[in-house]
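Position 270 of the sequence shown, counted from 1, bears residue number 270 in the numbering used here, the numbering being contiguous throughout.
Scroll down for the structure; my scribbles are underneath it.
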Amino acid sequence: MIDAIQIAGLFIETGPVVQVKESNGRISTLSDDDPNIIYTGPVSMLVNKFSASASEILAGAFQDYGRAVIIGSEHTHGKGTVQALFDFDNNILNKTMGKYKPLGALRLTIQKFYRISGDSTQYRGVTPDLVLPDVIKSLKTGEQYLDFALPWDTVKPVTFTKWPKCGPDISWLKEKSHNRITSNQKWIDIENRSIRFAEKQKNTLRSLNIEDMRKEIEESRKQKEKDTDISHNQTKPNGKPQTPEEKKEAFQKDISDDDYIKEAITVIRDIIKADPSCISITLN
Numbered sequence: 001m002i003d004a005i006q007i008a009g010l011f012i013e014t015g016p017v018v019q020v021k022e023s024n025g026r027i028s029t030l031s032d033d034d035p036n037i038i039y040t041g042p043v044s045m046l047v048n049k050f051s052a053s054a055s056e057i058l059a060g061a062f063q064d065y066g067r068a069v070i071i072g073s074e075h076t077h078g079k080g081t082v083q084a085l086f087d088f089d090n091n092i093l094n095k096t097m098g099k100y101k102p103l104g105a106l107r108l109t110i111q112k113f114y115r116i117s118g119d120s121t122q123y124r125g126v127t128p129d130l131v132l133p134d135v136i137k138s139l140k141t142g143e144q145y146l147d148f149a150l151p152w153d154t155v156k157p158v159t160f161t162k163w164p165k166c167g168p169d170i171s172w173l174k175e176k177s178h179n180r181i182t183s184n185q186k187w188i189d190i191e192n193r194s195i196r197f198a199e200k201q202k203n204t205l206r207s208l209n210i211e212d213m214r215k216e217i218e219e220s221r222k223q224k225e226k227d228t229d230i231s232h233n234q235t236k237p238n239g240k241p242q243t244p245e246e247k248k249e250a251f252q253k254d255i256s257d258d259d260y261i262k263e264a265i266t267v268i269r270d271i272i273k274a275d276p277s278c279i280s281i282t283l284n
């Protein structure tokens, strides 16, 4: 949580970042008190269903301030709680219980996060401004699918000042992004993979005929190879260990070939195109 506040402080001036509610109902606001900013230009932030806890604090704060365009899957994980480990061995009131060590431990939920807008990140997570096709869209992952998850709720919002520069028109950015997604074959392939994944989840019946099973396995193998080519379009490793420089080059290639990162960069270009003054940034 502290890291999320410090990271937020690199992109905003002083102000609240997150609210924390104690088990006794007391609410405190954690803020960035450092007026220094390292970057004042447009920001796009990628999230997915596995973005949880501190990353949701950061995404929620950036979205509330209008500091970044949040891009990703339909929602983030939705973990808006803090846990603490209660070790019974270190908290024995009756010394005669010491002979029963180890007594174990309990992980207790002691706090809950809230955005500066008052919304909890618990259960629902953060909803991105721009939703992109996601292969695992049908995968039921997140707090909302867990047994006994704490519900979403709200608290009173705190006073904060919206980011005054490069305020993007989200509806316009959505339209631009949608047009790219629906006309780009790579994104169409990702959406088709998502549909196949969802169908495979629903189809739990398997034939007991050996030939049918072999055919199904072979079709699955061919489709997996095709999907891998679509996703990576890279030659297979030769089995030799990579040098540090080769690892760096491979990482940079993965980044440059990543369709989600490409779209995030294109969104920043859209923001600058709509408001050329955004290009007059400060980089410290």
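Quick reminder that beta carbons are idealized off the backbone N, C-alpha and C, glycines included.
Since the structure is predicted, the reported quantities are computational estimates derived from the model, not experimental observations.
Checklist entry - From N24 to I255, what does the alpha carbon distance come to, in whole angstroms? => result Take the alpha-carbon of N24 and the one of I255: they are about 45 Å apart.
Item to check | Extent of the continuous beta strand (DSSP E) to which A105 belongs | outcome: 105–114
Checklist entry - Given a threshold of 16 other Cβ atoms within 10 Å of its Cβ, counted over all protein chains shown, does G80 qualify as buried or as exposed? => result buried
Item to check | Top-ranked residue by Cα proximity to N90, from T204, E13, L103, G167 | outcome: Scanning T204, E13, L103, G167 for the CA closest to the CA of N90 turns up L103.
Checklist entry - Could you give the residue range of the alpha helix (DSSP H) that holds I170? => result 170–183
Checklist entry - Between the C-alpha atoms of L10 and G60, what's the straight-line distance to the nearest angstrom? => result Roughly 15 Å between the two C-alpha positions.
Next on the checklist: Considering only the alpha carbon of each residue, which of F251, D227, Q242 lies closest to I190?
Outcome noted: D227
Checklist entry - With DSSP run on the structure shown, which of helix, strand or coil describes T235? => result Since pLDDT at T235 reaches only 44, below the 50 mark, its modelled position is unreliable, and no value is offered.
Next on the checklist: Taking its Cβ as the centre, do 16 or more other Cβ atoms sit within 10 Å of K224, making it buried, or is it exposed?
Outcome noted: exposed
Checklist entry - Do you know offhand how far I323's Cα is from W187's? => result Within the shown structure, residues of the chain are numbered from 1 to 284, placing residue 323 beyond reach of any answer.
Next on the checklist: Relative to the C-alpha of G118, which candidate in F148, S138, T29 has its C-alpha closest?
Outcome noted: Distance check between G118 and each of F148, S138, T29 places T29 closest, using alpha-carbon atoms only.
Checklist entry - Under a Cβ-count criterion, where at least 16 other Cβ atoms within 10 Å of its own Cβ denotes burial, should Y145 be classed as buried or exposed? => result exposed
Next on the checklist: Pull the bridge partners of D87 from the DSSP assignment, please.
Outcome noted: A105
Item to check | Local Cβ density within 10 Å of G142, reported as buried at 16 or more and exposed below that | outcome: Answer is buried; the Cβ neighbour count reaches 16.
Checklist entry - How is D153 classed by DSSP in three states: helix, strand or coil? => result coil
Item to check | Reduced DSSP category for M1 - H, G, I as helix; E, B as strand; rest coil | outcome: coil
Checklist entry - Roughly how many whole angstroms lie between the Cα atoms of I261 and L208? => result 43 Å
Item to check | Beta-bridge partners of F22, as assigned by DSSP | outcome: The sequence as given places Glu at residue 22; Phe does not occur at that position. E22 pairs with Q111.
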